[in-house]
Amino acid sequence: MENIQAFLKRKNIVLSARRYGIDALGAMAQGLFCSLLIGTILNTAGSQFHIGFLTAKIITINETGYTIGGMASFMSGAAMAVAIGYALQAPPLVLFSLTTVGYACNALGGAGGPLAVLLVAILAAECGKAVSKETRVDILVTPIVTTLIGIGAAWVIAPPIGSAASAFGRLIMRATELQPFLMGIVVSVLVGVALTLPISSAAICSVLGLTGLAGGAAVAGCCAQMVGFAVMSFRENGWGGLVSQGLGTSMLQMPNIVKNPRIWIAPTLTSAITGPIATCFFYLEMNGAAINSGMGTCGLCGQLGIWTGWVAPSETALANGAVPISPHIMDWLGLIFISFVLPAVICPLINQLCRKAGWVKDGDLTLAG
42 MENIQAFLKR KNIVLSARRY GIDALGAMAQ GLFCSLLIGT ILNTAGSQFH IGFLTAKIIT
102 INETGYTIGG MASFMSGAAM AVAIGYALQA PPLVLFSLTT VGYACNALGG AGGPLAVLLV
162 AILAAECGKA VSKETRVDIL VTPIVTTLIG IGAAWVIAPP IGSAASAFGR LIMRATELQP
222 FLMGIVVSVL VGVALTLPIS SAAICSVLGL TGLAGGAAVA GCCAQMVGFA VMSFRENGWG
282 GLVSQGLGTS MLQMPNIVKN PRIWIAPTLT SAITGPIATC FFYLEMNGAA INSGMGTCGL
342 CGQLGIWTGW VAPSETALAN GAVPISPHIM DWLGLIFISF VLPAVICPLI NQLCRKAGWV
402 KDGDLTLAG
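Next comes the structure, spelled out in structure tokens:
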């Protein structure tokens, strides 16, 4: 047993929930952001604003033409796998081999591709790390082992993983349609909490393919956390804190939450309020790329996702019955109120009650550094 532990330590193979559930998952979301999400934004901007070089088909693969954004989306599997390998501190030969593994796994996983890529890329990367530099022909052995194990695992487990993740996501979306009030609360609170925790709400939403009303509730929960924390901590953190939390991430408050969990009451209750308002009153749907459902106001990606979903629904949303629409005034009001106005008003009010109760004190929300 000691020999195994020593080998794993030498190979930097850390079998832990943090390494796989936080580091790898968070990196996967960044890979998705730099490929699928950016591609979706470029395609939508090109089509809506008639930008020629963004709508031009620059390459044809198997008789299918791809734009710049289309190519970025096309490579999402490879981008996710490389990002995961980077988070696992894979050596170069392993990291580069993961491009093939990620592409194949995402294609085989279908709608649940991101979850399949997460699991298979972790397996392939760790196996590649185990054999890395163990032979004199490392330049052959390491890529071969990483590629064969990765694609072999993808061939076996990616399709069922994809089907299961897709089915669970459809269950959540269907339940939200049938019970918009209750599920509006549940989805909004859970995804909002995930956004503030050191895990990736964006990756979770992408794995589950959350679009439609459930996607709208997820956006509401994320905005409640980000805008809520940004506004209610303004007296401590000023404009810098407003921007870093409101357009960056509410995860910056995690050290303060550990010290005093009660500071989390206001944003969480706010998400429980805005979630059902989004689903029952504004009927807010997020039909862009599913990753946008877990982004909130981070770079305004949640709002861009809702807009792109109106004019050009993603493939996942189209498969779930979404259709392009011409947004009306209530659609825009819903987007603005759920994303910005309600969290900025409700969260500080609830936090003020917490202050009066002595649960939150001056300095509890001050960001480190």
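Here the working numbering = 1-based position in the sequence shown + 41.
Think of the CB as a built atom: it goes at the ideal place given N, C-alpha and C, for glycine as much as any other residue.
Treat the numbers as computed from the prediction; the structure is a model and nothing was measured.
Which same chain residues end up closer than 7 Å to residue 234 when comparing Cβ atoms and leaving out the 5 residues on each side of it in sequence? 309
Sheet register partners of residue 309 (DSSP bridge): BP columns for residue 309 are empty, so no partner.
Measuring alpha carbon to alpha carbon, tell me which of 92, 90, 115, 89 ends up nearest residue 101. 115
What are the residues that DSSP puts in a beta bridge with residue 366? Its beta-bridge partners do not exist; DSSP assigns none.
Provide the residue span of the beta strand (DSSP E) that contains residue 107, from first to last. Under the DSSP assignment, residue 107 falls in the beta strand (DSSP E) whose first and last residues are 105–107.
Taking only three categories from DSSP, how would you classify residue 240? Coil at residue 240, not helix or strand.
Three or more C-beta pairs closer than 8 Å, one from the stretch 65–76 and one from the stretch 120–129: is that the case here? yes
Nearest residue (CA-CA) to residue 126, options 141, 112, 248: 141
What number of angstroms, rounded off, separates the C-alpha of residue 407 from the C-alpha of residue 389? 15 Å
When the distance is taken between beta carbons, is residue 259 closer than 8 Å to residue 246? yes
May I ask you to report which of helix, strand or coil DSSP gives residue 273? helix
Segment contact flag, the stretch 50–66 with the stretch 166–177, C-beta cutoff 8 Å, min 3 pairs: yes
DSSP state of residue 336 mapped onto helix, strand, coil: coil
Determine the direct distance from the alpha carbon of residue 372 to that of residue 213, and round the result to whole angstroms. 23 Å
Are the CB atoms of residue 236 and residue 331 within a distance shorter than 8 Å? no
Look up residue 92 in the DSSP assignment and say whether it is helix, strand or coil. coil
Look up residue 99 in the DSSP assignment and say whether it is helix, strand or coil. coil
Using alpha carbons as the reference points, say which of 178, 295, 138, 148 lies closest to residue 164. 138
Is residue 298 closer than 8 Å to residue 306 when the C-beta atoms are compared? no
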